[in-house]
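To get the numbering used here, take the position in the sequence shown, counting from 1, and add 885. Below you'll find the structure, written out as structure tokens, and then a few comments.
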Amino acid sequence: MSYARKLSGGQRCRVLTHEIATGTATVVHVDDAVLFEAPNWTVDGRLVLNGDGLLWTMPADGSQPPRRVPLRGVPGLNNDHVLAPGHESIFLSADGGHIYRAPLAGGDAERVTSDDRMHFLHGVSPDASTLAYVGIENGRWDSGTLWTIPSDGGPSTPLTSGHGPDDGPEYTPDGQWIYFNTERFSTVPGHAQIARIRPDGSGMEQLTHDERVNWFPHPAPAGDRFVYLSFPPGTEGHPADLTVELRLVTGGDWSAPVTLAVLPGGQGTINVNSWSPDGSRFAYVDYPLS
886 MSYARKLSGG QRCRVLTHEI ATGTATVVHV DDAVLFEAPN WTVDGRLVLN GDGLLWTMPA
946 DGSQPPRRVP LRGVPGLNND HVLAPGHESI FLSADGGHIY RAPLAGGDAE RVTSDDRMHF
1006 LHGVSPDAST LAYVGIENGR WDSGTLWTIP SDGGPSTPLT SGHGPDDGPE YTPDGQWIYF
1066 NTERFSTVPG HAQIARIRPD GSGMEQLTHD ERVNWFPHPA PAGDRFVYLS FPPGTEGHPA
1126 DLTVELRLVT GGDWSAPVTL AVLPGGQGTI NVNSWSPDGS RFAYVDYPLS
């Protein structure tokens, strides 16, 4: 199964950066051919994206267009990819449901996972020893639960079980929490809310309590703020091509998020952490009709 998405007729994708201090959004790349998704931001000032099942990098200031990263030994990629600490390598989720590690400069990819479930990566621990992912059993998308696995492979450990589904597990910079979105607090399908859990599976806590459908919480490098994706009420899953919001939480007050942007997007907009290393900006993608 290929997860590579394509632009629809008359649609384009725009890669943007958002500056927190000024509220300014800057378009750094526009594309009418490749549907780019899910930026990461490297310590040397590049954005890492997926598109057409491939990995790409570009300067975060948009001074050059995206360039393909040549990888060997990995199937087509989806939009779940996370930089390893130091940013010399990257962990990738791919068609076939497995997680790989590869040099960010390009080269041979090495498979991390080996069991039969599907693995969708979202988090790397600060010491690079452990990955956090969503596990899907037997192709049942409503069965998603959170797991961890050593970053060099080995047996997986369940973090959550039972009713969910859960998605988007991401470590805080101090490694003390894993933030994620989940439907396990809802009485109706959909209605995902932001929650957190300790890396040992204890202390689960719901953080958002509103009518919107909230996905993909991303901590800033200092751990003092989060940006997340918010869908309209009644949305099931995290589909593409809706009017969505990017929301900011500062100082741990999840009851008072600030809407930073309203945009055409959803799937692919900000699936993975895209904060700049200094925490002053983050990157995202929208998909307007041209």
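Glycine included, C-beta positions come from ideal geometry on N, C-alpha and C.
**Request:** Decide if Thr1067 is buried, meaning its Cβ has at least 16 other Cβ atoms within 10 Å, or exposed.
**Result:** buried
Problem - Any non-hydrogen atom of the ligand FMN within 7 Å of Ile975 CB - result: For the structure depicted, the ligand FMN is absent and the ligand set is empty, with no information on it obtainable.
**Request:** Please report how far the alpha carbon of His1103 lies from the alpha carbon of Val1134, in whole angstroms.
**Result:** 10 Å
* From the DSSP output, in three-state form, read off Asp1027 for me. => In this structure, Asp1027 counts as helix in the three-state DSSP scheme.
key: Through-space distance from Gln1091 to Thr1042, alpha-carbon basis   = Going by C-alpha positions, Thr1042 is about 22 Å away from Gln1091.
* To do: Provide the residue(s) that pair with Gly1150 in DSSP beta bridges, ordered along the chain.
  => In DSSP, Gly1150 forms a bridge with Leu1127.
task: Would you mind stating whether Phe1116 and Leu1127 have Cβ atoms separated by less than 8 Å?
output: yes
Next item on the list: Note down the Cα distance separating Glu1096 from Pro1118, rounded to an integer number of angstroms.
Entry: 6 Å
Inset, instruction - Name the one or two DSSP bridge partners that Gln1078 has. - result: Thr1067
### Message
If I measure Cβ to Cβ from Gly961 and keep anything under 6 Å in the same chain, skipping five residues before and after, which residues do I get?
### Response
Ser887, Ala889, Gly938 and Asp980
Quick one: Cα of Val913 to Cα of Gly1047, how far?
42 Å
Query - Nonlocal neighbours in the same chain, by C-beta distance under 7 Å from Asp1000, ignoring five residues either side - result: Ser1041
Problem set entry | Residue burial classification, Ser948 (beta-carbon count within 10 angstroms, cutoff 16) | exposed
Please report the straight-line C-alpha distance between Gly936 and Arg1002, rounded to a whole angstrom. 24 Å
> Between the Cα of Gly1088 and the Cα atoms of Asp1051, Glu1130, Gly1122 and Thr1045, which residue gives the shortest distance?
Replying inline: Thr1045
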